[in-house]
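Just below is one structure, and these are the notes that go with it.
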Amino acid sequence: SAVISQKPSRDICQRGTSLTIQCQVDSQVTMMFWYRQQPGQSLTLIATANQGSEATYESGFVIDKFPISRPNLTFSTLTVSNMSPEDSSIYLCSVRRDADTQYFGPGTRLTVL
Amino acid sequence: GEDVEQSLFLSVREGDSSVINCTYTDSSSTYLYWYKQEPGAGLQLLTYIFSNMDMKQDQRLTVLLNKKDKHLSLRIADTQTGDSAIYFCAETDNAGNMLTFGGGTRLMVKP
Chain A
1 SAVISQKPSR DICQRGTSLT IQCQVDSQVT MMFWYRQQPG QSLTLIATAN QGSEATYESG
61 FVIDKFPISR PNLTFSTLTV SNMSPEDSSI YLCSVRRDAD TQYFGPGTRL TVL
Chain B
114 GEDVEQSLFL SVREGDSSVI NCTYTDSSST YLYWYKQEPG AGLQLLTYIF SNMDMKQDQR
174 LTVLLNKKDK HLSLRIADTQ TGDSAIYFCA ETDNAGNMLT FGGGTRLMVK P
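Those sequence lines, one after another, are chains A and B. Take 1 as the starting number for the first sequence in the working numbering and just add one per residue. Take 114 as the starting number for the second sequence in the working numbering and just add one per residue.
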């Protein structure tokens with residue numbers, strides 16, 4: 001398995017501000033992903049964080065709103081920019097460890113007032 | 114595009130078996146997964162099955178895959194109150210990367 005930590009675990013933010021979420025993995029991984037889970041909903045992939053290149057965003061998500069950094073093979077950040085109440089969600093990072101397994105971090109619970 | 118569907122809710126009595134069902138549309142999926150999410154927690158990988166298998170057993174968990182019907186199920190034997198959670202099935206894209214999740218099935222175990 002993989003040990004994945006996220007910071008912060010939760011936050012309450014004012015609209016219009018930005019929050020950067022950190023994801024740290026206990027060993028090097030090639031593939032890291034960021035997901036969003038809106039209240040009472042399933043998970044939706046935001047983007048794939050590639051080391052050494054720009055993130056690849058899914059339909060409906062843009063870099064200006066969700067900039068991502070991947071400075072090395074064990075760390076990534078997701079920023080939620082210019083937040084609105086609709087951004088209130090759980091944000092989860094995940095890693096692909098082997099060819100057949102993806103593990104998730106504990107999530108960051110964001111509330112935007 | 115890919116679509117994964119699950120029933121919303123399942124209630125069982127402690128000690129009974131639970132069967133959670135999932136249907137998917139992408140026949141090129143390489144792996145199919147079951148994740149468990151307890152209240153306020155992240156996702157825990159429970160088990161997964163390779164698409165060329167039809168069954169996988171892991172202690173109290175049995176995964177059945179009917180590739181012809183694109184139907185996946187998770188059976189939990191001797192269900193305990195600690196099994197109460199939301200269970201998500203998910204499939205990968207044909208590169209084995211992106212996960213598409215079902216809507217989740219909330220399992221309630223009554224003592």
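Ideal Cβ positions, reconstructed from N, Cα and C, are used throughout, including at glycine. Only a predicted model underlies this, so the values are computations on that prediction, with no experimental measurement involved.
Buried or exposed (CB count within 10 angstroms, at least 16 for buried), T221/B: The sequence position of residue 221/B within the second sequence is 108, counting from 1. One detail in the question is off: residue 221/B reads as Met in this sequence, not Thr. Label assigned to M221/B: exposed.
Sequence-distant residues of its chain with Cβ nearer than 6 Å to S76/A (five each side left out): Your numbering for residue 76/A matches position 76 in the first sequence. Closer than 6 Å at Cβ, skipping near neighbours: C23, M32, A49, R70.
What residues from the region 160-172 of chain B come within 8 Å of chain A, judged by C-beta to C-beta, listed N to C? Listed in chain order, the positions of the region 160-172 of chain B with a beta carbon within less than 8 Å of a beta carbon of chain A are Y161, F163.
Compare the C-beta of Y91/A with all C-beta atoms of chain B and state if any pair is closer than 7 Å. The residue given as residue 91/A occupies position 91 in the first sequence. Taking 7 Å as the threshold, the shortest C-beta distance from Y91/A to chain B does not fall below it.
Going along the region 13-38 of chain A in order, which residues come within less than 7 Å of chain B, judged by CB to CB distance? Residues of the region 13-38 of chain A with a C-beta less than 7 Å from any C-beta of chain B: M31, listed in chain order.
Quick one: Cα of E118/B to Cα of G215/B, how far? To locate residue 118/B, count along the second sequence from 1; it is residue 5. To locate residue 215/B, count along the second sequence from 1; it is residue 102. Taking C-alpha positions only, E118/B is separated from G215/B by approximately 5 Å.
Any idea what DSSP makes of E86/A, helix, strand or coil? By 1-based counting over the first sequence, the position of residue 86/A is 86. Of the three classes helix, strand and coil, the one that applies to E86/A here is helix, per DSSP.
Coil, strand or helix - T194/B by DSSP: As a working mapping, residue 194/B is identified with position 81 in the second sequence. Secondary structure at T194/B: helix, using DSSP grouped into helix, strand and coil.
In the DSSP assignment, the beta strand (DSSP E) including K7/A goes from what residue to what residue? In the first sequence, the residue the question calls residue 7/A occupies position 7. From DSSP, the beta strand (DSSP E) with K7/A extends over 4-7.
For the region 207-221 of chain B, which residues have a beta carbon sitting closer than 7 Å to at least one beta carbon of chain A? Of all residues in the region 207-221 of chain B, only G209, N210, M211, L212, F214, G215, G216, G217 place a beta-carbon less than 7 Å from a beta-carbon of chain A.
With a threshold of 6 Å (Cβ to nearest heavy atom), would L212/B be considered close to the ligand COA? Annotation note on the ligand COA: not contained in the displayed structure, which lists no ligands.
Taking 7 Å as the threshold (beta carbon to beta carbon), is G105/A in contact with chain D? The structure shown contains no chain D; its protein chains are A and B.
Alpha-carbon to alpha-carbon, Q102/A and N207/B: Numbered from 1 along the second sequence, position 94 holds the residue referred to as residue 207/B. Numbered from 1 along the first sequence, position 102 holds the residue referred to as residue 102/A. Cα-Cα distance, rounded: 15 Å.
Just checking my contact of L123/B with T218/B at CB under 8 Å: how many whole Å lie between their CB atoms? Position 10 of the second sequence holds residue 123/B. Position 105 of the second sequence holds residue 218/B. About 6 Å; that satisfies the 8 Å criterion.
Using a beta-carbon distance below 7 Å, is Y137/B in contact with chain A? If you number the second sequence from 1, residue 137/B lands on position 24. Not an interface residue.
So, is the C-beta of D100/A closer than 7 Å to a C-beta in chain B? Here residue 100/A refers to the residue found at position 100 when the first sequence is read from its first residue. Yes, D100/A lies at the interface with chain B (some Cβ there is under 7 Å from its Cβ).
Quick one: what's got a C-beta closer than 7 Å to R173/B's C-beta in the same chain, skipping five residues either side? As a first step, residue 173/B is located in the second sequence; it is residue number 60 there, counting from the start. So the list reads I189, A190, D191, once near-sequence residues are dropped.
Helix, strand or coil for S114/A, going by three-state DSSP, please let me know. A question about residue 114/A goes unanswered here, because the residues of chain A that appear run from 1 up to 113.
Would you verify that the beta carbon of L73/A is, or is not, closer than 7 Å to some beta carbon of chain B? Residue mapping note: residue 73/A aligns to position 73 of the first sequence, counting from 1. For L73/A, the nearest beta carbon of chain B is not closer than 7 Å to its own beta carbon.
Enumerate, from N- to C-terminal direction, the unbroken alpha helix (DSSP H) stretches of 4 or more residues contained entirely within the region 53-81 of chain A. As far as the region 53-81 of chain A is concerned, it has no whole alpha helix (DSSP H) run of at least 4 residues.
Keeping to the same chain, check which residues put their C-beta closer than 7 Å to that of L158/B; ignore five residues upstream and five downstream. Working through the second sequence from its first residue, we reach residue 158/B at position 45. Around L158/B, the same chain offers Y146, Y148 as residues with beta carbons nearer than 7 Å, after the five sequence neighbours per side are excluded.
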